[in-house]
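Each remark here refers to the structure printed beneath this line.
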Amino acid sequence: LAAKYGIVIVNPILERDEYKDDVIWNAAVVISQTGNVMGKSRKNHIPRVGDFNESTYYMESTLGHPVFETSFGRIGINICFGRHHPQNWMMFALNGAEIIFNPSATIGDLSEPLWGIEARNAAIANHCFTVAINRVGTEIFPNEFTSGDGLPAHHDFGHFYGSSYIAAPDGSRTPALSRTKDGVLIAEMDLNLCRQVKDAWGFRVSAEGYSFY
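If you count the sequence shown from 1, position 89 lands on 89 in the UniProt record's numbering, and the numbers rise without skipping.
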(Lines of atoms letter the chains of each structure in order from A and count residues from 1; the text may use other names and numbers.)
(Lines give C-alpha, C1' and ligand atoms only; values in the text may rest on other atoms or scores of the structure.)
Protein backbone atom coordinates (compact mmCIF):
# COMPACT_ATOMS: atom_id res chain seq x y z
CA LEU A 1 0.00 0.00 0.00
CA ALA A 2 2.80 2.42 0.87
CA ALA A 3 4.52 1.88 -2.48
CA LYS A 4 1.26 1.85 -4.44
CA TYR A 5 0.04 5.17 -3.09
CA GLY A 6 3.40 6.86 -2.36
CA ILE A 7 2.69 7.25 1.36
CA VAL A 8 4.49 6.56 4.63
CA ILE A 9 2.63 4.15 6.90
CA VAL A 10 2.91 4.00 10.69
CA ASN A 11 1.58 0.53 11.51
CA PRO A 12 1.03 -0.50 15.17
CA ILE A 13 1.74 -4.19 15.77
CA LEU A 14 2.18 -6.76 18.52
CA GLU A 15 5.82 -7.83 18.14
CA ARG A 16 7.10 -11.16 19.44
CA ASP A 17 10.89 -11.02 19.80
CA GLU A 18 12.28 -14.45 18.96
CA TYR A 19 15.79 -13.15 19.67
CA LYS A 20 14.93 -12.18 23.26
CA ASP A 21 13.11 -15.12 24.86
CA ASP A 22 9.90 -14.44 22.89
CA VAL A 23 9.32 -11.15 24.75
CA ILE A 24 6.21 -9.33 23.49
CA TRP A 25 6.46 -5.64 22.62
CA ASN A 26 3.75 -3.11 21.82
CA ALA A 27 5.38 -1.66 18.73
CA ALA A 28 4.82 0.36 15.57
CA VAL A 29 6.58 -0.21 12.26
CA VAL A 30 7.39 2.63 9.84
CA ILE A 31 7.07 1.73 6.15
CA SER A 32 8.54 4.13 3.59
CA GLN A 33 6.77 5.32 0.45
CA THR A 34 8.84 2.80 -1.53
CA GLY A 35 7.44 -0.04 0.58
CA ASN A 36 10.55 -0.67 2.66
CA VAL A 37 10.53 -1.11 6.44
CA MET A 38 12.46 1.85 7.87
CA GLY A 39 12.42 0.62 11.45
CA LYS A 40 10.22 0.36 14.49
CA SER A 41 9.42 2.07 17.75
CA ARG A 42 8.31 0.34 20.94
CA LYS A 43 6.10 1.49 23.79
CA ASN A 44 8.25 3.10 26.47
CA HIS A 45 5.71 3.28 29.30
CA ILE A 46 3.48 0.32 30.20
CA PRO A 47 0.19 1.08 32.03
CA ARG A 48 -0.85 -0.75 35.16
CA VAL A 49 -4.38 0.64 35.40
CA GLY A 50 -7.56 -1.47 35.57
CA ASP A 51 -8.13 -3.52 32.42
CA PHE A 52 -4.96 -2.01 30.97
CA ASN A 53 -2.55 -3.80 33.29
CA GLU A 54 -0.26 -4.43 30.35
CA SER A 55 2.76 -5.31 32.48
CA THR A 56 1.41 -8.87 32.53
CA TYR A 57 2.24 -9.30 28.84
CA TYR A 58 4.29 -6.35 27.50
CA MET A 59 7.76 -5.14 28.40
CA GLU A 60 9.07 -1.56 28.35
CA SER A 61 10.97 -0.61 25.20
CA THR A 62 14.72 -1.02 24.92
CA LEU A 63 14.95 1.17 21.79
CA GLY A 64 14.77 4.60 23.38
CA HIS A 65 13.20 7.33 21.23
CA PRO A 66 14.00 6.59 17.57
CA VAL A 67 13.27 9.17 14.88
CA PHE A 68 12.81 8.26 11.22
CA GLU A 69 13.85 10.47 8.30
CA THR A 70 10.96 10.07 5.85
CA SER A 71 10.29 11.83 2.56
CA PHE A 72 7.71 13.98 4.36
CA GLY A 73 9.67 14.90 7.49
CA ARG A 74 11.33 13.44 10.56
CA ILE A 75 8.85 11.43 12.61
CA GLY A 76 8.71 9.82 16.05
CA ILE A 77 6.10 7.47 17.50
CA ASN A 78 5.03 7.96 21.11
CA ILE A 79 2.82 4.91 21.63
CA CYS A 80 -0.41 5.22 23.62
CA PHE A 81 0.28 5.57 27.38
CA GLY A 82 3.54 7.37 26.60
CA ARG A 83 1.54 10.55 25.99
CA HIS A 84 1.08 10.94 29.77
CA HIS A 85 4.87 11.33 30.20
CA PRO A 86 6.16 14.77 29.08
CA GLN A 87 9.75 13.55 28.94
CA ASN A 88 8.75 11.01 26.31
CA TRP A 89 7.57 13.72 23.92
CA MET A 90 10.63 15.80 24.76
CA MET A 91 13.11 13.06 23.88
CA PHE A 92 11.54 12.44 20.47
CA ALA A 93 11.76 16.18 19.79
CA LEU A 94 15.37 16.42 21.02
CA ASN A 95 16.20 13.56 18.66
CA GLY A 96 14.91 15.68 15.80
CA ALA A 97 11.26 14.71 15.34
CA GLU A 98 9.16 17.29 13.49
CA ILE A 99 5.99 15.17 13.72
CA ILE A 100 5.26 12.88 16.67
CA PHE A 101 2.50 10.33 16.24
CA ASN A 102 0.60 9.00 19.25
CA PRO A 103 -1.33 5.87 18.18
CA SER A 104 -3.64 4.95 21.06
CA ALA A 105 -6.45 2.66 22.18
CA THR A 106 -7.87 4.51 25.16
CA ILE A 107 -11.22 4.72 26.91
CA GLY A 108 -13.46 6.83 29.06
CA ASP A 109 -13.58 8.73 32.26
CA LEU A 110 -9.95 8.78 33.38
CA SER A 111 -8.22 9.80 30.16
CA GLU A 112 -10.81 11.56 28.00
CA PRO A 113 -10.71 14.89 29.89
CA LEU A 114 -6.96 15.02 29.14
CA TRP A 115 -7.15 13.87 25.54
CA GLY A 116 -7.53 17.24 23.85
CA ILE A 117 -4.85 18.80 26.05
CA GLU A 118 -1.88 16.44 26.21
CA ALA A 119 -0.81 16.19 22.56
CA ARG A 120 -1.58 19.87 22.00
CA ASN A 121 0.54 20.83 24.98
CA ALA A 122 3.33 18.56 23.72
CA ALA A 123 3.27 20.31 20.34
CA ILE A 124 3.66 23.69 22.03
CA ALA A 125 6.31 22.61 24.55
CA ASN A 126 8.43 20.77 21.99
CA HIS A 127 7.84 23.03 18.93
CA CYS A 128 6.71 20.18 16.69
CA PHE A 129 3.52 18.75 15.23
CA THR A 130 1.72 16.03 17.17
CA VAL A 131 -0.86 13.57 15.85
CA ALA A 132 -3.19 12.17 18.52
CA ILE A 133 -4.81 9.00 17.15
CA ASN A 134 -7.39 6.97 19.06
CA ARG A 135 -9.38 3.87 18.31
CA VAL A 136 -13.16 4.23 18.15
CA GLY A 137 -16.02 1.92 19.20
CA THR A 138 -16.62 -0.89 21.69
CA GLU A 139 -15.21 -4.40 21.31
CA ILE A 140 -17.30 -7.17 22.89
CA PHE A 141 -15.58 -10.39 23.96
CA PRO A 142 -17.52 -13.69 24.14
CA ASN A 143 -16.11 -14.59 27.56
CA GLU A 144 -16.21 -12.43 30.67
CA PHE A 145 -12.92 -11.29 32.19
CA THR A 146 -11.66 -9.46 35.25
CA SER A 147 -8.56 -7.39 35.86
CA GLY A 148 -7.82 -7.97 39.53
CA ASP A 149 -9.19 -4.53 40.43
CA GLY A 150 -12.20 -5.79 42.36
CA LEU A 151 -14.75 -4.82 39.71
CA PRO A 152 -17.33 -7.34 38.45
CA ALA A 153 -16.49 -9.51 35.44
CA HIS A 154 -17.34 -7.87 32.12
CA HIS A 155 -17.28 -8.42 28.35
CA ASP A 156 -15.62 -5.21 27.15
CA PHE A 157 -13.03 -2.59 28.04
CA GLY A 158 -15.47 0.27 27.56
CA HIS A 159 -15.94 2.76 24.74
CA PHE A 160 -12.86 3.81 22.78
CA TYR A 161 -13.70 7.46 22.22
CA GLY A 162 -11.82 8.26 19.00
CA SER A 163 -11.55 12.07 18.74
CA SER A 164 -8.27 12.00 16.79
CA TYR A 165 -6.69 15.38 15.97
CA ILE A 166 -3.48 17.11 14.89
CA ALA A 167 -1.80 19.92 16.85
CA ALA A 168 0.78 22.43 15.62
CA PRO A 169 3.73 24.03 17.44
CA ASP A 170 1.93 27.37 17.57
CA GLY A 171 -0.91 25.80 19.57
CA SER A 172 -3.42 25.59 16.74
CA ARG A 173 -5.13 22.26 16.07
CA THR A 174 -7.60 20.58 13.78
CA PRO A 175 -11.14 19.74 14.83
CA ALA A 176 -11.35 16.24 16.28
CA LEU A 177 -12.79 13.28 14.44
CA SER A 178 -15.93 11.58 15.76
CA ARG A 179 -16.21 9.90 19.16
CA THR A 180 -18.37 7.14 17.70
CA LYS A 181 -17.49 6.57 14.04
CA ASP A 182 -14.38 5.77 12.03
CA GLY A 183 -12.97 8.69 10.10
CA VAL A 184 -10.07 10.01 8.03
CA LEU A 185 -8.25 13.22 8.91
CA ILE A 186 -6.36 15.01 6.13
CA ALA A 187 -4.23 18.04 6.98
CA GLU A 188 -1.27 19.98 5.60
CA MET A 189 1.68 20.55 7.93
CA ASP A 190 4.16 23.30 7.14
CA LEU A 191 7.26 21.98 8.90
CA ASN A 192 8.85 25.44 8.68
CA LEU A 193 6.54 26.33 11.55
CA CYS A 194 8.68 24.21 13.89
CA ARG A 195 11.66 26.51 13.32
CA GLN A 196 9.57 29.67 13.21
CA VAL A 197 8.09 28.98 16.64
CA LYS A 198 11.55 28.32 18.07
CA ASP A 199 12.76 31.62 16.63
CA ALA A 200 9.76 33.61 17.82
CA TRP A 201 9.96 32.37 21.39
CA GLY A 202 13.71 31.82 21.69
CA PHE A 203 13.06 28.24 22.75
CA ARG A 204 16.51 26.91 21.93
CA VAL A 205 18.56 25.65 24.87
CA SER A 206 22.29 24.98 24.74
CA ALA A 207 23.51 21.46 25.42
CA GLU A 208 24.85 22.66 28.76
CA GLY A 209 21.43 24.06 29.63
CA TYR A 210 19.88 20.60 29.66
CA SER A 211 22.10 19.69 32.61
CA PHE A 212 19.69 21.73 34.76
CA TYR A 213 17.24 18.85 34.41
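From the three backbone atoms N, C-alpha and C, an ideal C-beta is built for every residue, glycine too.
Would you identify the three-state DSSP class for residue i, choosing helix, strand or coil?
i: alanine 27; result: strand
i: histidine 154; result: strand
i: glutamate 118; result: helix
Would you kindly work out how many angstroms separate the C-alpha atoms of residue i and residue j, rounded to a whole number?
i: asparagine 95; j: methionine 189; result: 19 Å
i: threonine 70; j: proline 113; result: 33 Å
i: arginine 83; j: asparagine 102; result: 7 Å
i: tryptophan 201; j: asparagine 134; result: 31 Å
i: aspartate 123; j: valine 67; result: Inspection of the sequence shows that residue 123 is occupied by alanine rather than by aspartate. Roughly 16 Å separates the two Cα atoms.
i: leucine 177; j: valine 136; result: 10 Å
i: lysine 20; j: valine 49; result: 26 Å
i: serine 61; j: histidine 45; result: 8 Å
Does the beta-carbon of residue i have 16 or more other beta-carbons within 10 angstroms, so that it is buried, or is it exposed?
i: tryptophan 25; result: buried
i: valine 205; result: exposed
i: threonine 106; result: buried
i: isoleucine 86; result: The residue you asked about is not isoleucine; residue 86 is proline in the sequence shown. With fewer than 16 other Cβ atoms within 10 Å, it is exposed.
i: phenylalanine 141; result: exposed
Got a sec? Which residues, its chain only, sit under 6 Å from residue i by beta carbon, not counting five neighbours each side?
i: arginine 120; result: Ala167 and Arg173
i: lysine 40; result: Ala27 and Val29
Out of the options, point me to the one whose CA is closest to residue i's CA.
i: isoleucine 9; options: Gly76, Ile46 and Asn44; result: Gly76
i: leucine 185; options: Ile13, Pro175 and Phe81; result: Pro175
i: cysteine 128; options: Tyr161, Ser164, Ala187 and Leu191; result: Leu191
i: phenylalanine 72; options: Ile7, Tyr165 and Asp109; result: Ile7
i: leucine 110; options: Thr34, Pro47 and Ser61; result: Pro47
Whose C-beta lies closer than 7 Å to the C-beta of residue i among residues of the same chain, with five residues either side of it excluded?
i: aspartate 22; result: Arg16
i: asparagine 11; result: Ala28, Val29 and Ile31
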